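Okay, so here's the structure we're looking at.
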Amino acid sequence: MATLGRACLILAFVIALYGVGAGLVAWRSGRRDIAASARRSVYALAGVLTVAMIILESAFLRDDFSFATVAGHSSHTTPFFYKAAAVWSSQEGSLLLWVWLLAIWSSLALFLTRKRMRDVTPVATAVLAGFAAFFAGLLVFFASPFEVLGAVPADGSGLNPLLRHPSMMIHPPMLYSGYTLFTVPFAFAIGALVTRRVDAEWITATRRFALAAWLFLGIGIILGARWSYAELGWGGYWAWDPVENASLLPWLTGTAFIHSIMIQEKRGMLKVWNVSLVLATGILAILGTFLVRSGILDSIHAFGASTLGVPFVVLIVFLLVLSIGLVAWRSSLLRSEHGIDSFLSREAAFLFNNLLFVGMAFVVFFGTFFPLITEAFGERRNVGPPWFDRIIVPLAIGLVGLAGIAPLISWRRVTRGNLRRNVAVPLGFGVLVAAVLTAVGGVAHKPWALAMFALAGFLIAGVVQEFARGARARRAMSADSWPLAMVSLVRRNRRRYGGYMVHVGIATLFVGVAASSAFQHARDVRMRPGDTAHINGYDVRYAKPLGRVVVRDGRVERIDLGSQLVVSKGGHVLRTLSPTRGYYPADAPFAPVSGMFSGEPESQVQMIAGLRRDFWTAVQPELGPLRRDMALYDKAIRVLAQRGAPVDKQVLAFRIGLQRIVDDYASGRPYSTFRLISSPLVAWIWIGGIIVFGGGLVSLWPAPDGARRRATAGYAARVARELGRA
Amino acid sequence: MDPARKRRVRLVVALTTALLLAGALVYTSVSASTEARSPSQLLASAAPGRSYQVTGKVVDGSIRQRGAETLFRVRDRNGSASIPVAYTGAVPDPFANGREVIVQVHKSGNGFVGERDTLVTKCPSKFTAKN
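As you go down the protein sequences, you meet chains A and B in turn. In terms of this note's numbering, the first sequence opens at residue -2 and continues consecutively. In terms of this note's numbering, the second sequence opens at residue 711 and continues consecutively.
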């Protein structure tokens, strides 16, 4: 099977190279048959890579440890669900996932545009096939997932315990879908520049892909944050780590792009800006993939000094030169058809929103690469999370304010009547939120958080007003019930109302972030059974230690050591929490018992989660007092082995030793260090993410067909007339 | 004002604003940054009271618990020079012997004190380089 897998990769590499050549020949010659052949080569690529993906996936599910990557990232005791996800926990597996998703999305994009933009698509096909050739080349020449081991081990190393979380099953495919989908508008932008077709058609053709890329990447980022919060044992969801930042960069420029293309579609403006944004987003997506693998920046995600750094640098430099050269070459064609009439207009709000997004991206880029920039001047220095917070928070507040006002003001120029009619009520609500929170909420001493809450209130009130007005107009025409009018309104203008839902989701998410970071109480405390800690009105009593040996399929999977905590508030017991720490075995043949405690540990966090507040706990048991017993049992097992005792007897001694250590721990009075966190409104971060996802899906959903669109336009005109009369 | 002149004025204002903002960004980042050092560099020259970010590997067998403190040594990635670090608080899950860590420290006596919540341990098995 490994041979077939290798053959698939080589074939994929060859097909991708053919796709590049055929696309370029079709562009130069204008021959449609060659363009169709290039397009079909991308379909074939998707087929071949699907076979390769199935081979690797089935090797993981079958525990085929003859594959080096399976032996290194899975084991008999890895749960089935996580065996499927383990494919992308390795360097080579994740690269295969990348190029497979690229081929799938490229095929879809080329299929949907097969009868449109016949001059642009051959170049776009060549660009997409070029990306595929690069990644397939990496898999063929640098990091093959189909390497086989000479001696097949009886068991594998297992999946890193930290990755055993449901979010991790979805997080990488979501991120990679985002990255790879951004290559579609990138490729079409290159095609449009090369063929001088720089009107809005390439934007219309790829807008949905940009939106899908933005949505997938955003959901991937939120899932990563959720994983960090629930799994990593530090209680945070964002650390401004270089690899986190790498995923945020294309998301920020992509968000700017999906806003500014509306200006080009409606008013023929910002052409240079749009094309530059989409090219930058495509390059930043590749940069993100590079950062994850190069090890050039110190990150919580260790990726080692990989050999893949140089090819990625070559690719990024090539893409940069190509992009800048093309934009400069076609600058005369990229002139705006109109100018901004007034800085108090919807297009100006969009422009400022774009500047803020790009400004944020620049800040994140600058902070992420600051160590390399300063090293070039002599001394390597780093900036930490407080620096990012200090600069990004005001920009984010500005963004929420602009997202609130932009949908309410008119194109071209705001009038006093427009302001009074559309802005007064939401603004009043925002002011009311600020006043109430200042008077009774106790947030006046956190001005940034207060500003975020007030502006989020303004934004949400504005969106509610827009929905209510639209539904009222709909009811005036059709006498539908309110819910039906609302559904009908959204169905008829999915892009607009889906966008509003996304705004509400982002505002909700930012409220959660502002509240949980500004009003969080965190404490690390060392306790033994019977001790009580106090934090933010909560009393946490360490009731008793816990311990168990977890066996799966007849093998010891891990040891869980933890504590039972009784959490009370005002004398009332709220819940009993049992945070534990799982210890997974390390490869230690001469010290099997202590080896169980020197592998990968994993915090099993416990919390009281609620809409108003999360109370979060993690534990770190002190293993020092257990070391003596571990050494004793290790020695006993070694003696048995030296005396030639049967293996099952040695296994029995190992099991007895482990069980006794765990029992001693659970019946003793061991010290543990606890992290206790009380954070308000964290749940709203995840709820905001779900709203964003829902709004994004509404925006992405295919529009009604041409006939329905015409009917909708007629309906809109009628509504406008009615409103004018009202 | 004629449109060409208006465009020029806007461009000058925009560029000046961008330059001022970039200058402010550089200033705040330099003033808020910490020096990144290897253990051998800290051994050679570390001023008491000053904060440094050290990157290296946890020396095998050096991890000990002393009350709420975790004591360990950090060595150069490719070398044996090491410094003792006393860290208070919860350590990240992947923290272990031989693991690569990043931690903010300041010199105290003959050793170094790790600053709370600054210990970052690299995630070990994701995309590790081939041996």
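Don't be surprised by glycine CBs; every beta carbon is placed ideally from N, CA and C. Quick caveat, the model's predicted, so the values are computed rather than measured.
For THR765 (chain B), the enclosing beta strand (DSSP E) has its first and last residue at 761 to 768.
Beta-bridge analysis with DSSP links LYS817 (chain B) to B:PRO758, B:PHE822. By the C-beta criterion, the region 221 to 232 of chain A is judged not to be in contact with the region 783 to 795 of chain B, since fewer than 3 inter-stretch pairs fall below 8 Å. For the region 508 to 537 of chain A, residues whose beta-carbon sits nearer than 9 Å to a beta-carbon of chain B comprise ALA519, ASP521, VAL522, ARG523.
Looking at the backbone, the Cα of GLY808 (chain B) and that of ASP770 (chain B) are separated by about 5 Å. Within the same chain, ASP626, TYR630 come within 8 Å of ARG657 (chain A) by CB-CB distance, once the 5 residues on both sides are set aside. Between ALA583 (chain A) and GLY592 (chain A), the C-beta spacing is below 9 Å. Within the region 729 to 742 of chain B, contact with chain A at the beta-carbon level (separation under 8 Å) is assigned to LEU731, LEU735, THR738, SER739, VAL740, ALA742. Around the C-beta of HIS500 (chain A), 16 or more other C-beta atoms lie within 10 Å, and the residue is accordingly described as buried. Residues PHE62, ALA68 of the same chain have their beta carbon placed closer than 7 Å to that of PRO150 (chain A), with the five preceding and five following residues left out of the count. The region 36 to 50 of chain A and the region 157 to 170 of chain A do not touch, with fewer than 3 CB-CB distances between them shorter than 8 Å. In this structure PHE179 (chain A) does not touch ALA148 (chain A) by the C-beta definition: roughly 43 Å separates them, more than the 8 Å allowed. Taken atom to atom, the span from the alpha-carbon of GLY90 (chain A) to that of LEU396 (chain A) is near 38 Å.
Between the region 662 to 676 of chain A and the region 611 to 621 of chain A, the count of C-beta pairs closer than 8 Å reaches three or more; the two stretches touch. What PHE143 (chain A) touches in chain B, judged by beta-carbon distance under 8 Å, is nothing: the nearest beta carbon there is about 14 Å away. Boundaries of the alpha helix (DSSP H) around GLN647 (chain A): 644 to 664.
Using beta-carbon distances, ALA778 (chain B) counts as an interface residue toward chain A, with a partner under 9 Å. Residue pairing by DSSP places GLN617 (chain A) opposite A:THR670 in a beta bridge. Contact with chain A is found for VAL830 (chain B), since one of that chain's Cβ atoms lies less than 9 Å from the residue's Cβ.
Just measuring C-alpha positions, the residue of A:HIS569, A:PRO182, A:ARG545, A:ALA680 sitting nearest PRO247 (chain A) is A:PRO182. For the region 232 to 272 of chain A, the continuous alpha helix (DSSP H) assignments of 4+ residues that do not extend past its boundaries occur at 239 to 264, in sequence order. GLU810 (chain B) and GLY692 (chain A) have their C-alpha atoms spaced approximately 41 Å apart. For THR670 (chain A), at least one C-beta of chain B is nearer than 9 Å to its own C-beta. With respect to chain B, the C-beta atom of GLN261 (chain A) has no partner C-beta closer than 9 Å.
For VAL318 (chain A), the number of other beta carbons within 10 angstroms of its own is below 16, and it is reported as exposed.
In this structure, the alpha-carbon of PHE78 (chain A) lies about 30 Å from that of PHE671 (chain A).
Annotated three-state conformation of ARG787 (chain B) is coil, per DSSP.
The C-beta of SER55 (chain A) comes no closer than 9 Å to any C-beta of chain B. Assignment of beta-bridge partners to VAL546 (chain A) by DSSP yields A:ILE556.
By the Cβ neighbour-count rule, GLY568 (chain A) is exposed, with fewer than 16 other Cβ atoms within 10 Å of its own. For ILE773 (chain B), the secondary structure class from DSSP, reduced to helix, strand or coil, is coil.
Between GLY509 (chain A) and ALA680 (chain A), the C-beta gap is smaller than 9 Å, which places the two residues in contact. Between ALA202 (chain A) and PHE185 (chain A), the gap from beta carbon to beta carbon is short of 9 Å.
Cβ contact annotation for PHE507 (chain A) (same chain, cutoff 8 Å, sequence separation greater than five): ALA393, VAL397, MET449, ALA453, GLY685, in chain order. Apart from the 5 residues on each side of it in sequence, GLY285 (chain A) sits with its Cβ closer than 7 Å to the Cβ of TYR176, ALA243, SER244, LEU246, PRO247 in its chain, given in chain order.
When 9 Å is used as the limit between beta carbons, GLU334 (chain A) is near no residue of chain B, the shortest such separation being about 15 Å.
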